[in-house]
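One structure below.
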Amino acid sequence: MTDPLLALRPWESPEVTSWGRLPMNAVDRRAGAHSLDGDWRFQLLSAPHAPVGGAWSTAAVPGVWTMQGTDDLPQYLNIRMPFADVPPLSPADNPTGVYEREVDVPAEWTGRRIVLQVGAAESVLLVHVDGRPVGLSKDSHLAAEFDLTEVVRPGERSVLRLTVVKWSDASHIEDQDHWWHGGLTRSVLLYATDPLRLADVTVRARQDGELRVDCLVRDTGGALPEGWYVSGELEGLGPVGLELTQDAAFDLANAEDERVSAFLGEARMQARVPEVRTWTAETPELYDLTVRLHRADGRVADVSRHRIGFRDVEIVGRDLLVNGERIFIRGVNRHDFHPLTGRTVSYDDMRADLVLLKRFGFNAIRTAHYPNDPTLYDLADELGFYVVDEADIESHDHAHEIADDPRYLNAFVDRVSRMVLRDKNHPSVIIWSLGNESDYGANHDAAAGWVRRHDPTRPVQYEGAAKLGWADPKLASDIACPMYAPLEDCVAHALSGEQTKPLIQCEYSHAMGNSNGTLADHWAAIEATPGLQGGFIWEFWDHGILQTVNDGRPVGRGGAGLYDNGVTAPGYRWAYGGDFGEKDHDGAFIADGVVFPDRTPKPVMFEHREISAPVRLEGFRHEGLVVSNHQHFRGLEWLAGRWELSLADGRTLTAPAELPALLPGETAVVPLPLELPADGGEAWLTLRVTTAEELPWAPQGTDVCAPQVRLRAAEPVTEQTVASRVEVDAEGLLVHPLLTAAPTLSLWRAPTDNDELGGMALRWRTWGLDSLVRKLVSVHRDGVSVTVDAEYAGATGVVRHRQVFTPVDGGLRVEERAELPEEFDDVARVGSVFETVAGLDLLEWFGQGPWESYPDRSGGAPVGHHSLPVDALFTPYLRPQESGGRHGVRRFTLSAPDATGLAVTLDEPRQVSVTRFTAEDLTAAAHHDELTPRAGCVVHLDAAHRGLGTASCGPDTFPSYLVAPGVHHWSWTLRVL
Ligand code: IPT
370 MTDPLLALRP
380 WESPEVTSWG
390 RLPMNAVDRR
400 AGAHSLDGDW
410 RFQLLSAPHA
420 PVGGAWSTAA
430 VPGVWTMQGT
440 DDLPQYLNIR
450 MPFADVPPLS
460 PADNPTGVYE
470 REVDVPAEWT
480 GRRIVLQVGA
490 AESVLLVHVD
500 GRPVGLSKDS
510 HLAAEFDLTE
520 VVRPGERSVL
530 RLTVVKWSDA
540 SHIEDQDHWW
550 HGGLTRSVLL
560 YATDPLRLAD
570 VTVRARQDGE
580 LRVDCLVRDT
590 GGALPEGWYV
600 SGELEGLGPV
610 GLELTQDAAF
620 DLANAEDERV
630 SAFLGEARMQ
640 ARVPEVRTWT
650 AETPELYDLT
660 VRLHRADGRV
670 ADVSRHRIGF
680 RDVEIVGRDL
690 LVNGERIFIR
700 GVNRHDFHPL
710 TGRTVSYDDM
720 RADLVLLKRF
730 GFNAIRTAHY
740 PNDPTLYDLA
750 DELGFYVVDE
760 ADIESHDHAH
770 EIADDPRYLN
780 AFVDRVSRMV
790 LRDKNHPSVI
800 IWSLGNESDY
810 GANHDAAAGW
820 VRRHDPTRPV
830 QYEGAAKLGW
840 ADPKLASDIA
850 CPMYAPLEDC
860 VAHALSGEQT
870 KPLIQCEYSH
880 AMGNSNGTLA
890 DHWAAIEATP
900 GLQGGFIWEF
910 WDHGILQTVN
920 DGRPVGRGGA
930 GLYDNGVTAP
940 GYRWAYGGDF
950 GEKDHDGAFI
960 ADGVVFPDRT
970 PKPVMFEHRE
980 ISAPVRLEGF
990 RHEGLVVSNH
1000 QHFRGLEWLA
1010 GRWELSLADG
1020 RTLTAPAELP
1030 ALLPGETAVV
1040 PLPLELPADG
1050 GEAWLTLRVT
1060 TAEELPWAPQ
1070 GTDVCAPQVR
1080 LRAAEPVTEQ
1090 TVASRVEVDA
1100 EGLLVHPLLT
1110 AAPTLSLWRA
1120 PTDNDELGGM
1130 ALRWRTWGLD
1140 SLVRKLVSVH
1150 RDGVSVTVDA
1160 EYAGATGVVR
1170 HRQVFTPVDG
1180 GLRVEERAEL
1190 PEEFDDVARV
1200 GSVFETVAGL
1210 DLLEWFGQGP
1220 WESYPDRSGG
1230 APVGHHSLPV
1240 DALFTPYLRP
1250 QESGGRHGVR
1260 RFTLSAPDAT
1270 GLAVTLDEPR
1280 QVSVTRFTAE
1290 DLTAAAHHDE
1300 LTPRAGCVVH
1310 LDAAHRGLGT
1320 ASCGPDTFPS
1330 YLVAPGVHHW
1340 SWTLRVL
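In this note's numbering, the protein residues as written are 370 to 1346.
If you want it as structure tokens, here you go:
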């Protein structure tokens, strides 16, 4: 007999979003549920209609089969669909996973209603029990529940089969920018309720303490028994808490209708909480609410527990307000991702993500581009994040066709409404998003209409609508939420007088590779411009999958311990698009996060932490230092401080800091904590701020920020020329005992992803900057100085370069001049490069650090004395590229353990890098396992270095960070230690 679920061909029927699936709700069923997670019998069919054979393997649930040893491997594509079939069709070759296991239904569940919950299945789920069809569901990132009461028997064993079809009509609206997988990505549960049960609970908790709890009660049996009622208990209000009682008798639907066997009852409870502690991302105050459904004699028939927060969200004028305050959104886009499981994330994983984000100054998450794992929202409530909750709709490749296609109407409304029904009670969720990159059509308006009617307490946003007019009131977006809009456009809009909606970029500052240039400039403008409220960096993760280099397979769950600090063990690597043999892929575009696949923060995180500093040093006046509180809702009492004065002569003086009592937004002047010594040269005062107490996301003493002011500028240094001889070889190249490659001119950097995708690298290659040919023009001795003139010929122009070597006290001064032809109007760098002997493995410097920094990404690196092993200077961006730079370096030493080595003093703060790789080494490699570190150091001293920008997806750096053609001068002194 044909299986009716298969006969429907639900994978090619967008109108069919589910069959036999229970309505979504916010009742918490986790307590008392039976987990069905673990190893299931598994087989992978070539298509949904292929016969199920007798040969089973096993697969871990939750988990995707694409990471568990099948031949169906992960594939990375951003916009393009992985098959040519147009919506709503899917390919004939359609991997279909059959998961099967026995389920023992507890005998004590007799008389109860038994429900199966499948946390998430990708992309069509078919459910059978003992061969009988039970239901089907789509929407890969929300749970599906099925009533099994009629098909299982308590005390007996049943066979549960979950069939997961990978490709379907739904894939066309799940075309998000991440890996394609197939499988069951979240937990599977079985639970039982009384036939009369809480069907939903909706909590509205407002800033003024007003609490409203709406309960839906359903019965599978018949009419409401006399005398049943609901109650609520709010804990956290002293020992007794607050008792909530039902307002009035149940408001019943269908109760009088004899033809209906189930009814719906509605009951409401209301209360006002005195002196309520309000919820914000800075002050995530939660209360425990327990809702109970009682029988007439008071016994409890059903319970649902909620952690609720009292807060208001509203748009007033063009401002988004939380509890009446215009907040800043310091956000990031987050996928459910893991380098070993693909998609399945544990409580510990999610907690680690959010703890890290908290520690680096983030306060908001957009759940790109689908509802994230439900636990994420519990953690966001608890730790304090504003969440833009996004529906699982992205039809990128066929966006225009689908947005108005009535066959998909139901799917749009289904996905948006189910998200709202699941997540409505989370205080963290402040905005609903209709999805991503799906053009704009009637299907969106239908979904927006549903949300606005059902939940008028939160704004709705959708980038696809907003882009048709940031101020247009007719569009289905209450927020102007562009992606990658040029900063000047945002500022111009805010100043135009036309702005009607909050401007919060849903994506900006694309974090692919060595990126996020101009982030600090963005924030300077956001904080200075009323109407701008922030945005969400794209994105949290580099989605590198841990892969065995040998056989190209994903390592899977056994891979813990095979990576550390962003680096994989030998024989392994982080796979990106194309590394699983995919013909069609989008390469390293999947590696565009602010953290590595193992959650190691990239350097941009340290800048973000500083940009978000809750306490700032606004400047230095005669009376003292101006300290300000940059938070919205709390004082500085959770912070501790320590002053640190760094002098150019190497001294660092410290003093304890007493942070002033400041309300949000307030400023105070505090006296200079340390007397500035008369000598010592350039001087910088840093306020090192840490957590004063144990916090849920940070132990006491965790770094929070390090604002800094300069107290004294550098004075020019004069060096005495001495009588000594400088050696140059026949090519005019410096001969020096510590250098294995003499200083030459460099205009090339291993292109960053921004350089490549933004088209700059192509121009540089066309000009021949990657293979300049040096020709000696002349060597001229003048007293003790040697002047070497050379020409560096590219494909389309010649750069004239002069080096003047002069012996000075204890070393050698190198004065350089380079003249770039007008056509080289935007190069990566102008500077010197040389290589050192092996063994000089420690870099100590005075300048910005210790984090990697670049001219347009240096805000997180205070000036001071820093020291790091050379190997630790390099940042292993997934695709090798320019890395390891330090901005604003005044001088440094490179030394061996016995303190011998070399010292370099620069004429002014310069961009410097010391790594084990030449720009050519890095340019040639696609992965780190292809690179062999050199024993010595490759040192770049740059007169000018181009900013990083974000041109891999979005605006390039600003003109002020470009390297101009014409003449560049720089000089430096080399000494032997
Ligand atoms: C934008 C997408 O929304 C996001 O998913 C990701 O692909 C990002 O870009 C780039 O990494 S869409 C882009 C075409 C602007």
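Glycine included, each C-beta is placed from N, C-alpha and C at the ideal position.
- In the same chain as A1110, and ignoring 5 residues on each side of it, the C-beta atoms closer than 7 Å to its own belong to F1203 and E1204, in chain order.
- Less than 8 Å separates the beta-carbon of M881 from that of C1322.
- Relative to the ligand IPT, the nearest heavy atom lies less than 7 Å away from the CB of A737.
- The C-beta separation of L1181 from V1283 comes to about 19 Å, leaving the pair out of contact by the 8 Å criterion.
- Around H738, the same chain offers Q545, E759, E763 and N805 as residues with beta carbons nearer than 6 Å, after the five sequence neighbours per side are excluded.
- The three-state secondary structure of M881, taken from DSSP, is coil.
- With a threshold of 16 other beta carbon atoms within 10 Å, K535 meets it and is buried.
- Only buried fits S797, as 16 or more other CB atoms lie within 10 angstroms of its CB.
- According to DSSP, residue pairing for Y941 in a beta bridge involves T917.
- Excluding its 5 nearest sequence neighbours in each direction, L864 has C-beta neighbours in its own chain below 8 Å: T898 and G900, listed in chain order.
- In the DSSP assignment, F781 falls within the unbroken alpha helix (DSSP H) covering L778 to D792.
- When L1346, R1150, W1133 and V385 are compared, the shortest CA-CA separation from V1097 is found for R1150.
- By the criterion of a C-beta distance shorter than 6 Å, G1305 is surrounded in its chain by T1109, E1204, T1205, V1206 and A1207, once the five residues flanking it on both sides are discounted.
- DSSP, read as helix, strand or coil, puts E514 in strand.
- Beta-carbon to beta-carbon, W425 and Q412 are separated by about 6 Å, close enough to satisfy the 8 Å threshold.
- In terms of Cβ geometry, T1121 and Q1250 form a close pair [threshold 8 Å].
- Under DSSP, N702 forms a beta bridge with R735.
- Partner residues in a beta bridge of G480, as assigned by DSSP, do not exist.
- In this structure the stretch 1034-1047 does not lie against the stretch 1276-1296, because fewer than three pairs of beta carbons, one per stretch, are closer than 8 Å.
- Relative to the ligand IPT, the nearest heavy atom lies less than 7 Å away from the CB of D961.
- In the DSSP assignment, N1123 falls within the unbroken alpha helix (DSSP H) covering D1122 to L1126.
- Taking a cut-off of 8 Å for Cβ pairs, the stretch 1146-1163 and the stretch 1222-1238 do not touch, as fewer than three such pairs fall below it.
- Spatial neighbours of D705 in its own chain (CB-CB distance under 6 Å, excluding positions within 5 residues in sequence) are listed in chain order as R712, V714, N741 and D742.
- DSSP, reduced to helix, strand and coil, places A429 within a strand of the structure shown.
- Counting only the Cα atoms, L1291 lies some 8 Å from L1300.
- Collapsing the DSSP output to three states places W839 in coil.
- Burial state of P1065 is exposed, judged by a 10 Å Cβ sphere holding fewer than 16 other Cβ atoms.
- Annotated three-state conformation of L745 is helix, per DSSP.
- Leaving aside the five residues that flank G1179 on each side, the residues in its chain whose CB is nearer than 6 Å to its CB run, in chain order, R1344.
- A direct Cα-Cα distance of roughly 26 Å separates G1049 from R985.
- DSSP, read as helix, strand or coil, puts N812 in helix.
- Pairwise C-beta distances place the stretch 659-675 in contact with the stretch 392-410, as three or more of them are shorter than 8 Å.
- Between W839 and H813, the gap from beta carbon to beta carbon reaches 8 Å or more.
- Assignment of beta strand (DSSP E) within the stretch 819-864, counting only whole runs of 3 or more residues, yields no such run.
- The beta carbon of R720 sits closer than 7 Å to those of L748, all from its chain and outside the five residues before and after it, given in chain order.
- Annotation: A512 to N702 spans about 22 Å, alpha carbon to alpha carbon.
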